[in-house]
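The structure appears right after this line, and notes come after that.
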Amino acid sequence: MLALVLRKLFRAALTVWLTVSFVFIVLRLSGDPAQIILPINLVTPEVEAALRHKWGLDQPLIVQYLDYVANVFRGDFGFSFRDGRPAVSLVLASLPNTLALMVVAVPLTICTGIAIGVLAALRRGRLTDRAIMLTAVTAFSVPNFFLGILTIIVFAVSLHWLPTGGTGSIRHVVLPVLCLSAAWIGIFARFTRGATIDVLGQPFVTGLRGRGIPQMAIIRAHILPNGMIPTLTVFGMYIGSLISGSIIVESLFAWPGVGHLLVESVFSRDLAVVQAIILLASLMMVTANLLVDLSYGWLDPRIRDLEIASRVL
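If you're matching positions, the sequence shown starts at 2 in the working numbering and goes up one per residue.
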């Protein structure tokens, strides 16, 4: 078991290193950082040379890469070109606002998606099942930016129930969370429905029903635990989508989080902040998927034993 965990940790570390290298290459391919940073009216040979020396851009490319990797693994992402503050401090200052959305969106999405997915499976083929699946397909077919505009028009502009954006109260959270959750509630519902139907068809469920065990007890003790494996796979993808979706949602609702900071940094050509956000987002995604991967063996020991056996063979 320890060897299996270490192998997964090695793969996660390799993914992080590849991401760090990819960000370095992309930033260099996008143009000369010195010319990108400096305003056009200030680009003189002397100023450009001073900037290159300050940021280490006058070093050979391999030296720049090694310094960059070493600094990243020390948590040093450089300084913002816009205001001179450490890039990581700007990201950490915006992170609580993004986490506030996630803390609400993640439980809402998972609990609602699983609940209606189980309900659809128990009502398979009936009107309830068809209505839930039609709503789910519609939800994950609508882009979150379009849903955001639609909710602003309906709930903020027309009905005046909710604010159009900003922060300050619970009411400001409703529309951003709705946009982050709607599509993935439908996806969780579809996956949970399929997994629940598979478990309901197992002989042991028929045996439990024959013994007179209440249906809710069967669902809690047997159907939900056995149906969580496919849902965990969706959770790993959901975290990645949540991070990328927050960029659009935070910009649309003027929510001062990491996504909003990323858009501002891209337009102001603040490369240090951009790379810090990309790398920290990648680290969050890798960590989430690692935890999902490790939890497979905890929820279903058969998966762990199969992986160990395949490794031995």
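Heads up, the beta-carbon is just placed ideally off N, CA and C, and yes, glycines get one too. Here the structure is a predicted model, which is why all the values come from computation and not from measurement.
Legend entry - Under 8 Å between C-beta atoms of VAL178 and LEU128: no
Legend entry - Coarse secondary structure for PRO144, derived from DSSP in three states: coil
Inset, instruction - Return the CA-CA distance between VAL313 and VAL6, expressed in angstroms with no decimal places. - result: Because VAL313 carries a pLDDT of 49, less than 50, the predicted location of this residue cannot be relied on, and the following value inherits that uncertainty. So the alpha carbons of these two residues sit roughly 15 Å apart.
Legend entry - Length of the line joining the Cα atoms of LEU201 and ILE133: 19 Å
Inset, instruction - Return the chain-ordered list of same chain residues with a C-beta closer than 8 Å to the C-beta of VAL1, the five sequence neighbours on each side being excluded. - result: Because the chain spans 2 through 314 in this model, residue 1 falls outside it and cannot be assessed.
Inset, instruction - Take LEU163 as the anchor and find which of GLY213, PHE254 and ARG124 has the nearest alpha-carbon. - result: PHE254
Inset, instruction - Output yes or no for whether 8 Å exceeds the beta carbon distance between PHE82 and ASP199. - result: no
Legend entry - Nearest-angstrom Cβ-Cβ length linking LEU184 and ALA140, presumed shorter than 8 Å: Checking the sequence, you will find Ala at residue 184 rather than Leu. ALA184 to ALA140, Cβ: 5 Å. Contact.
Legend entry - Cβ shell of ILE278 (< 8 Å), same chain only, five flanking positions each side left out: VAL92, VAL259, LEU262, LEU263 and SER266
Legend entry - Element boundaries [alpha helix (DSSP H), containing ILE224]: Careful: ILE224 lies outside any alpha helix (DSSP H) and carries neither H nor E.
Legend entry - Contact the region 221-231 vs the region 56-75: 3+ CB pairs below 8 Å: no
Inset, instruction - Assess, as a yes-or-no matter, whether the region 186-193 is touched by the region 232-248 under the definition of 3 or more beta carbon pairs within less than 8 Å. - result: yes
Legend entry - With 16 other Cβ atoms within 10 Å as the buried cut-off, status of MET286: buried
Inset, instruction - Look at LEU209 and ILE219 and say whether their C-beta atoms are less than 8 Å apart. - result: yes
Inset, instruction - Leaving aside the five residues before and after ASP130 along the sequence, list all residues of the same chain whose C-beta is less than 6 Å from its C-beta, in chain order. - result: ALA121 and ARG124
Legend entry - Ordered list of beta strand (DSSP E) runs contained in the region 134-210, each at least 3 residues: none
Inset, instruction - Given a cut-off of 8 Å, decide if PHE146 and ILE317 are closer than it, judged by their beta-carbon atoms. - result: Because the chain in this structure spans residues 2 to 314, residue 317 falls outside the shown range and cannot be described.
Inset, instruction - State the start and end residues of the unbroken alpha helix (DSSP H) segment that holds THR45. - result: Premise fails: THR45 is in no alpha helix (DSSP H) and is neither H nor E.
Legend entry - Spatially closest choice to SER22 from SER296, LEU67, ALA289 and ALA13, by CA coordinates: LEU67
Inset, instruction - For THR165, collect the residues of the same chain with a Cβ closer than 6 Å to its Cβ; drop the 5 residues on either side in sequence, then sort them by chain order. - result: ILE153 and ALA157
Inset, instruction - Report the option in ILE186, GLY169, THR110 and VAL119 whose CA atom is closest to the CA atom of GLU142. - result: Correcting the residue identity first, residue 142 is Ser in this sequence and not Glu. Here the closest residue by C-alpha is ILE186.
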